[in-house]
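If you count the sequence shown from 1, position 40 lands on 40 in full-length UniProt numbering, and the numbers rise without skipping.
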Amino acid sequence: MLKEKLDRLEQRVKEASELITQLRSEKEELENKYRETAKRNQELQSEMDYLKSIQDQFGLRLESICSHLDTVSDGTMTDAIAVYEKKIQHNANDYQACFNLGNIFEKKGFFDKAIEVYRKAIKIKPDFVSAIEHLAFLLEKLNREHEASPLWDKVLALKK
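Here it is, written out as structure tokens:
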């Protein structure tokens, strides 16, 4: 009976030893994973700091640009008008130049001129939805809904 108890005790010691070995191995594995995670966390923190610095720089630049937008001189728009008019003289079928010129005229309050060049852009490219929409909005703004209504119908038809 003593031999059986010793054998069982020896078996339990062996099992405990195997369990301790397994636990040590798992502990080492977890410590390695922890170190890898800590290292990756540090890398991510560095990347976040870098991105934050870029965001801060961009935010300042964007803020600076926005603060200067209101101070754009009237001469700049006048220069742009001259450029687009020259472009249209060289290529009378440049619907995009007509559209851009219409946008500038509209922003400057030259609504009749804007309407004229929007219509020219649409005549060159009848499916130019942006020009049709801009013209329709401008006509509505000028309380000329009767002219805008068929344009909206055309926009809806083109967007189908």
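By construction, the Cβ of each residue, glycine as well, lies at the ideal position given by its N, Cα and C atoms.
Cβ-Cβ distance between residue i and residue j below 7 Å
i      : j      : result
Leu151 : Ile132 : yes
Ala121 : Phe128 : yes
Ala114 : Gly102 : yes
Leu158 : Glu147 : no
Ala97  : Tyr118 : no
Cβ neighbour criterion (16 or more within 10 Å) applied to residue i
i      : result
Leu60  : In this predicted model, Leu60 has a pLDDT of only 49, less than 50, meaning its place in the structure is not dependable enough to derive any value.
Glu106 : buried
Ile104 : buried
Val13  : exposed
His134 : buried
Asn100 : buried
Val34  : Going by the sequence as given, residue 34 is Tyr instead of Val. Classification of Tyr34: exposed, given that the 10 Å Cβ count is below 16.
Asp94  : buried
Ile88  : buried
Ala16  : exposed
Leu19  : exposed
Assigned secondary structure, residue i (DSSP; H/G/I helix, E/B strand, else coil)
i      : result
Asp153 : helix
Asp94  : coil
Lys160 : coil
Phe137 : helix
Gln11  : helix
Asp127 : coil
Gly102 : helix
Phe110 : coil
Met1   : coil
Arg144 : coil
Meets three-Cβ-pair contact criterion under 8 Å: the region 31-51 and the region 78-97: no
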